[in-house]
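Chemist: Pasting a structure below so you can have a look.
This is the structure:
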């Protein structure tokens, strides 16, 4: 058992960013991530920590600060969930003062003396901050509580009556979070889908049957098969209250378009005296190391008071260090065959930040914006705009052109495996190959931005359903959802 447990713990630490919620819901963690997991998802979720920022005039019973761990004192009188117009809620108020720091000090002193058994809250009302204790429905119980508090030295304590309970308590979330290391990846395409893969690749299809091959190839678009990938890793992501920062990250984004003609050659072969145009192969690759800092707060907005229970907003700044940028700008590839020879001719132009294995690093930035709202205790929604205005500037880029022309006889192709090194060198010298490289000045790369719309519904205390819809804005790497 010990031999299983140790690697399991190590794997959990290493892949901490791939938490069970993310794995079980295929990335839906973007909608409800908290702590340092707000990095790369929605900075507004950091608003679950810290104090509420009030916008506009003060509202009654709006600022909930302290959350009790349990309610063991006067159980029959505590924390009513449903407000009834015929039920009055009684609390003991210790202080009312415009100085928030003073009210916080009184709250801290009370908690250190009495603990967290009863609901406590700081209320913003009439330009004052008021610290209240208890959420009781019995006048006798609240009088007993008041007398106990007065006997402890709070001589100014008095009973407050309200038709509304104190702000409901929530599950406590950790103030400090850290991920030692994590891995993440996404892969997509513009043609293949699960049902086709199951039927065509794992359904026992026989491509030798009439029409089977044409049906197999019909799914590929005339513009080609586009395959895109986004992945990377992180090292030491830290969340502290309303802030989160990632010190070391690696993001790799790539897109490859395979022309339909190449797929036809693979499955149909090459016919004699029928030249094949295999051009239009495209490749775009970007590797970046971002340094991310995000911040989020819960906001109290009067206009939303009757529409949502809680509202959050946040923003993040990503400083981008460009490592690699490669673009296959143009590609020409022709293949011709006869009964006794094969002829290949091509030309590729590659633009990158690499010259003779020397990498010219780029710099840039992007912005993250996000909002989230708890509509009610069961339903939450969020919207995030990630990597807005993202761009990377490269001080120098290089354009490389590779031209070649290769002609082989059938006899040479049959014997080439038995050639000596000298014969292979001689054969290669007969090919026409021309490589040209020159500096093309500075360049700029647009960093892909995306919109993430998410939601969560709490079916029960043990079950929550999370969904997330991600749409990339126009870029060179990703298209679609």
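In my numbering, the protein residues as written are 52 to 532. Note that the Cβ used here is the ideal one computed from N, Cα and C, for glycine as well. The structure displayed is predicted, hence computed values, not measured ones.
Given that a residue counts as buried once 16 or more other Cβ atoms are within 10 Å of its Cβ, and exposed if not, what is residue 153?
Modeler: Exposed, since its Cβ has fewer than 16 Cβ neighbours within 10 Å.
Chemist: How about the region 328-345 and the region 371-388: do they share at least three Cβ pairs that are nearer than 8 angstroms?
Modeler: A contact exists between the region 328-345 and the region 371-388.
Chemist: Count the C-beta pairs between the region 507-523 and the region 461-475 that are closer than 8 angstroms, then say yes if the count reaches three, no if not.
Modeler: No: fewer than three Cβ pairs fall under 8 angstroms.
Chemist: Quick one: Cα of residue 362 to Cα of residue 427, how far?
Modeler: Near 11 angstroms, if we compare the C-alpha coordinates of residue 427 and residue 362.
Chemist: Nearest-angstrom Cα distance between residue 467 and residue 391?
Modeler: So the two alpha carbons sit approximately 15 angstroms from each other.
Chemist: Can you tell me whether DSSP reads residue 98 as helix, strand or coil?
Modeler: Residue 98 falls in the helix class under three-state DSSP.
Chemist: Would you mind working out which of 270, 147, 279, 286 sits nearest residue 523, comparing C-alpha positions?
Modeler: Among 270, 147, 279, 286, the Cα nearest to that of residue 523 is on 279.
Chemist: Please list, in chain order, all residues of the same chain as residue 237 whose beta carbon is under 6 angstroms from its beta carbon, the five residues on each side excluded.
Modeler: 281, listed in sequence order.
Chemist: Just to confirm, is the Cβ distance from residue 498 to residue 421 under 7 angstroms?
Modeler: No, Cβ-Cβ distance for residue 498 and residue 421 is not below 7 angstroms.
Chemist: With H, G and I counted as helix, E and B as strand and the rest as coil, what does DSSP make of residue 192?
Modeler: Helix, per DSSP.
Chemist: Can you tell which of 510, 486, 433 has its C-alpha closest to the C-alpha of residue 97?
Modeler: Ranking 510, 486, 433 by Cα distance to residue 97 puts 433 first.
Chemist: Skipping 5 residues on each side, what residues in its chain have a beta carbon closer than 7 angstroms to that of residue 368?
Modeler: Excluding residues within five positions, the ones whose Cβ falls inside 7 angstroms are 344, 416, 418.
Chemist: Hey, quick one: how far does the alpha helix (DSSP H) through residue 433 stretch, first residue to last?
Modeler: Residue 433 -> not in any alpha helix (DSSP H); beta strand (DSSP E) instead, spanning 430-445.
Chemist: Helix, strand or coil for residue 525 per DSSP?
Modeler: Looking at residue 525 - three-state DSSP - the assignment turns out to be coil, as it is neither helix nor strand.
Chemist: With DSSP as the reference, identify every bridge partner of residue 419, one or two as the case may be.
Modeler: Answer is 367, bridged to residue 419.
Chemist: Since residue 406 and residue 449 should fall inside the 8 angstroms C-beta cutoff, what is the C-beta to C-beta distance between them, to a whole number of angstroms?
Modeler: Right, their Cβ atoms sit about 5 angstroms apart.
Chemist: Could you spell out where the beta strand (DSSP E) holding residue 451 opens and where it closes?
Modeler: 449-460 is the span of the beta strand (DSSP E), which, as asked, contains residue 451.
Chemist: Look up residue 499 in the DSSP assignment and say whether it is helix, strand or coil.
Modeler: Of the three classes helix, strand and coil, the one that applies to residue 499 here is coil, per DSSP.
Chemist: Would a C-beta distance cut-off of 7 angstroms place residue 313 and residue 287 closer than the cut-off?
Modeler: Result no, Cβ atoms of residue 313 and residue 287 do not sit closer than 7 angstroms.
Chemist: Would you list the one or two residues that DSSP bridges to residue 478?
Modeler: DSSP output for residue 478 lists no bridge partner at all.
Chemist: Can you check whether the C-beta of residue 501 is within less than 7 angstroms of a C-beta belonging to chain D?
Modeler: Note that chain D does not occur in the displayed structure, where there is just one protein chain.
Chemist: Where residue 178 and residue 346 are concerned, what is the direct C-alpha to C-alpha distance, given to the nearest angstrom?
Modeler: Near 27 angstroms, if we compare the C-alpha coordinates of residue 346 and residue 178.
Chemist: I believe residue 508 touches residue 429 by the beta-carbon criterion, under 8 angstroms. Please report the beta-carbon distance rounded to the nearest angstrom.
Modeler: That pair is a contact at about 6 angstroms.
Chemist: Let me confirm a value: residue 290 is counted as buried when at least 16 other C-beta atoms fall within 10 Å, else exposed. Which label applies?
Modeler: Buried, since its Cβ has 16 or more Cβ neighbours within 10 Å.
Chemist: Quick one, are the C-beta atoms of residue 500 and residue 439 less than 7 angstroms apart?
Modeler: Yes, Cβ-Cβ distance for residue 500 and residue 439 is below 7 angstroms.
Chemist: Report the three-state DSSP secondary structure of residue 204 (helix, strand or coil).
Modeler: Coil at residue 204, not helix or strand.
Chemist: Measuring CB to CB, does residue 297 end up less than 7 angstroms from residue 233?
Modeler: Going by C-beta atoms, residue 297 is not nearer than 7 angstroms to residue 233.
Chemist: The beta strand (DSSP E) that contains residue 181, what's its start and end?
Modeler: Looking at the DSSP string, the run of the beta strand (DSSP E) that includes residue 181 is 179-187.
Chemist: Go ahead and pull the three-state DSSP assignment for residue 54.
Modeler: The predicted model places residue 54 with a pLDDT of 43, which falls under 50 and marks its position as unreliable, so this point remains unresolved.
Chemist: In the DSSP assignment, find the beta strand (DSSP E) that holds residue 281 and state where it starts and stops.
Modeler: Per DSSP, residue 281 belongs to the beta strand (DSSP E) from 276-291.
Chemist: Report all residues from its chain with a CB closer than 6 angstroms to the CB of residue 276; omit the five preceding and five following residues, and keep chain order.
Modeler: For residue 276, where only same-chain residues beyond five positions count, the Cβ hits under 6 angstroms are 242, 309.
Chemist: When burial is assigned at 16 or more other CB atoms within 10 Å of the CB, is residue 42 buried or exposed?
Modeler: There is simply no residue 42 to check, as the chain begins at 52 and stops at 532 in what is shown.
Chemist: Among all the DSSP beta bridges, which residues are the ones paired with residue 381?
Modeler: 400, per the DSSP bridge assignment.
Chemist: Flag this pair as yes or no: are the beta carbons of residue 411 and residue 380 separated by less than 7 angstroms?
Modeler: Not a contact, by the Cβ cut-off of 7 angstroms.
Chemist: Kindly give me the distance between the Cβ atoms of residue 302 and residue 341, rounded to whole angstroms, as I take these residues to be in contact under 8 angstroms.
Modeler: About 6 angstroms separates the two Cβ atoms, so the contact holds.
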